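Trainee: I have a structure here, written as structure tokens, and I will follow up with some questions on it.
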Amino acid sequence: MNYLSIEDIDSLPNWVKEARLQKNNPRQNESIGKGKTLCLLFFNNSLRTRLSTQKAAINLGMEVMVMNFGSEGWALEYEDGTIMDQGTSEHIKEAAQVVSQYADIIAIRAFAGLQDKEKDEAEEVLNGFVNYASVPIVNMESSIGHPLQALADAITIAEHRTKTRPKVVLSWAPHPKALPHAVANSFVEMMQLQDADFVITHPKGYELNIEITKNSTIEYDQDEALKNADFVYVKNWSSYLDYGKILHKDSDWMMTEEKLGKAKFMHCLPVRRNVVVTDGVLDNGKSLVIEQANNRTYAAQIVLKKILEKK
Ligand code: CP
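Below is the structure:
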């Protein structure tokens, strides 16, 4: 079993329920991973994913190895039949098989480059390991998805919902750098599995991949979208249509206490204060961001537990 996207969750309510049980007693299954090794390979930076996934593995009794592959590993080649006389030193075929000998589960973080949509959507790093590794693979954020984050978000919403069908809004925010679509994509996919009134709001031109959003409501008027919201998930992403471009940095879209109203604020972190969201929102008790980060441990823990049970 791999955990590559939200589609690998066979029952979201059951996984959320089980994750909350793990949270109540994190060491209850610490014999399940005894003698097993998790190898985390980072091609990009991380705080939460790196530490929470390690914590989850420790809670399950696993050993953990971490490598900053992007800065410390050999430059990998992904193309078949390439004459490797340029910058790449090692082929994914050997690298994935070698790491598989050291690990029982491999977890990979490899962001979108945002230069070439086709290349990003091919997910060459994640799929390279899926194709050539002989052990299960976990996606710790790839070009197009961040399913560990979305599972943590589902746990957080379940913990804080006061009605069976809450209104949840995904609201685009300004940002000085072009960011990938992975967090937004997986959040949309996760919300499509929930009983919720779910609305996406963003300026025109920031439409996500229509194949992902086709079953969701899009409202271009942010004020209209935010009316009566229970949860507001704020996230920047670059344009998908004009791939990887920043179309504008309109600060009108920054989340404020006034706009948030009675809703709870959500964000995956890291967040840029007073660009994406005001200090007031983060500091006034309506923010769930620290709890979301806490739930990253239990999202990872349920994923690792499911994989260990199937091995
Ligand atoms: N939300 C998230 O994935 O955080 P990191 O990038 O710090 O891992």
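The letter at position 250 of the sequence shown is residue 251 when you use my numbering, and the numbering goes up by one with no holes.
Yeah, the Cβ is synthetic: ideal placement off N, Cα and C, and Gly gets one too.
If you're wondering where the values come from, they're calculated on a predicted model, not measured in any experiment.
#1: Within the continuous alpha helix (DSSP H) that includes phenylalanine 188, where are the two ends?
#2: May I ask you to check if the CB of proline 271 is nearer than 7 Å to at least one heavy atom of the ligand ADP?
#3: Residues in the same chain with beta-carbon distance under 7 Å from glutamine 193, minus the five sequence neighbours each way, listed in chain order, please.
#4: Taking the Cβ atom as the reference point for each residue, do glutamate 78 and threonine 89 lie within a distance shorter than 8 Å?
#5: Work out the CA separation of lysine 250 and phenylalanine 266 for me, nearest whole Å.
#6: DSSP three-state label for serine 252, please.
#7: Do you know whose CA, among Gln29, Lys18, Asn30, Gly62, lies nearest leucine 39's CA?
#8: I need the DSSP call for tryptophan 75, collapsed to helix, strand or coil.
#9: So what does DSSP say about threonine 202, is it helix, strand or coil?
#10: So, at 7 Å on beta carbons, what are the nonlocal neighbours of asparagine 296 in its own chain, with the 5 sequence-adjacent residues on each side left out?
#11: Using CA coordinates, which residue listed in Asn210, Gly82, Ile106, Ile247 is at the minimum distance from lysine 178?
#12: Cα-Cα, which of Pro167, Leu209, Gln102, Ile138 is closest to proline 111?
#13: Which same chain residues end up closer than 6 Å to arginine 55 when comparing Cβ atoms and leaving out the 5 residues on each side of it in sequence?
#14: To the nearest angstrom, report how far apart leucine 42 and glutamine 116 are at their CA atoms.
#15: In this structure, how does DSSP classify tyrosine 4 when only helix, strand and coil are distinguished?
#16: Can you check which of these residues, Ile93, Met85, Asn45, Trp173, is closest to glycine 71 by C-alpha distance?
#17: Tell me, to the nearest whole angstrom, how far the beta carbon of valine 276 is from that of methionine 255; I am working on the premise that it is less than 8 Å.
#18: Report the rounded CA-to-CA distance for threonine 298 versus serine 53, giving the unit in angstroms.
#19: Taking the straight line between their C-alpha atoms, what separation do you get for lysine 94 and serine 101?
#20: Work out the CA separation of serine 143 and asparagine 122 for me, nearest whole Å.
#21: If you draw a straight line from the C-alpha of glycine 36 to the C-alpha of methionine 68, how long is it?
Mentor: If we stick to the structure as given:
#1: The residue given as residue 188 occupies position 187 in the sequence shown. Segment 183-192, the alpha helix (DSSP H) holding phenylalanine 188.
#2: Only the ligand CP can be found as ligands here, which leaves the ligand ADP out of the picture.
#3: Counted from its first residue, the sequence shown places residue 193 at position 192. The residues are Asn216, Ser217.
#4: Residue 78 sits at position 77 when you count from the first residue of the sequence shown. Residue 89 sits at position 88 when you count from the first residue of the sequence shown. Yes. Within cutoff.
#5: What you label residue 266 is simply residue 265 of the sequence shown in a count that begins at 1. What you label residue 250 is simply residue 249 of the sequence shown in a count that begins at 1. Approximately 21 Å between the Cα atoms of the pair.
#6: Residue 252 sits at position 251 when you count from the first residue of the sequence shown. It is helical.
#7: Position 38 of the sequence shown, counted from the first residue, corresponds to residue 39. Of Gln29, Lys18, Asn30, Gly62, the residue nearest in Cα terms is Gly62.
#8: If you number the sequence shown from 1, residue 75 lands on position 74. DSSP places tryptophan 75 in coil when its eight states are reduced to three.
#9: As a first step, residue 202 is located in the sequence shown; it is residue number 201 there, counting from the start. Strand.
#10: Indexing the sequence shown from 1 puts residue 296 at position 295. For asparagine 296, where only same-chain residues beyond five positions count, the Cβ hits under 7 Å are Ala153, Ile156, Thr157.
#11: Walking along the sequence shown from the start, residue 178 turns up at place 177. Of Asn210, Gly82, Ile106, Ile247, the residue nearest in Cα terms is Ile247.
#12: As a working note, residue 111 is residue 110 in the sequence shown. According to the sequence shown, residue 111 is alanine rather than proline. The option with the nearest alpha carbon to alanine 111 is Ile138.
#13: On the sequence shown, residue 55 is found 54 positions in, with the first residue counted as 1. Looking at the sequence provided, one finds glutamine at residue 55 rather than arginine. The answer, listed in chain order, is Val65.
#14: Position 41 of the sequence shown holds residue 42. Position 115 of the sequence shown holds residue 116. Each residue's alpha carbon lies about 22 Å from the other.
#15: Residue 4 sits at position 3 when you count from the first residue of the sequence shown. Three-state DSSP puts tyrosine 4 in a strand.
#16: As a first step, residue 71 must be located in the sequence shown, where it is residue number 70. It is Asn45.
#17: On the sequence shown, residue 276 is found 275 positions in, with the first residue counted as 1. On the sequence shown, residue 255 is found 254 positions in, with the first residue counted as 1. 7 Å between Cβ atoms; contact.
#18: Here residue 298 refers to the residue found at position 297 when the sequence shown is read from its first residue. Here residue 53 refers to the residue found at position 52 when the sequence shown is read from its first residue. Cα to Cα, the separation comes out at about 4 Å.
#19: Locating residue 94 in the sequence shown gives position 93, counting from the first residue. Locating residue 101 in the sequence shown gives position 100, counting from the first residue. Roughly 11 Å separates the two Cα atoms.
#20: To locate residue 122, count along the sequence shown from 1; it is residue 121. To locate residue 143, count along the sequence shown from 1; it is residue 142. Reading off the sequence, residue 122 comes out as glutamate, not asparagine. Those two C-alpha atoms are separated by around 9 Å.
#21: Taking the sequence shown and counting its residues from 1, the one referred to as residue 36 is at position 35. Taking the sequence shown and counting its residues from 1, the one referred to as residue 68 is at position 67. Rounded to the nearest angstrom, the two C-alpha atoms are 20 Å apart.
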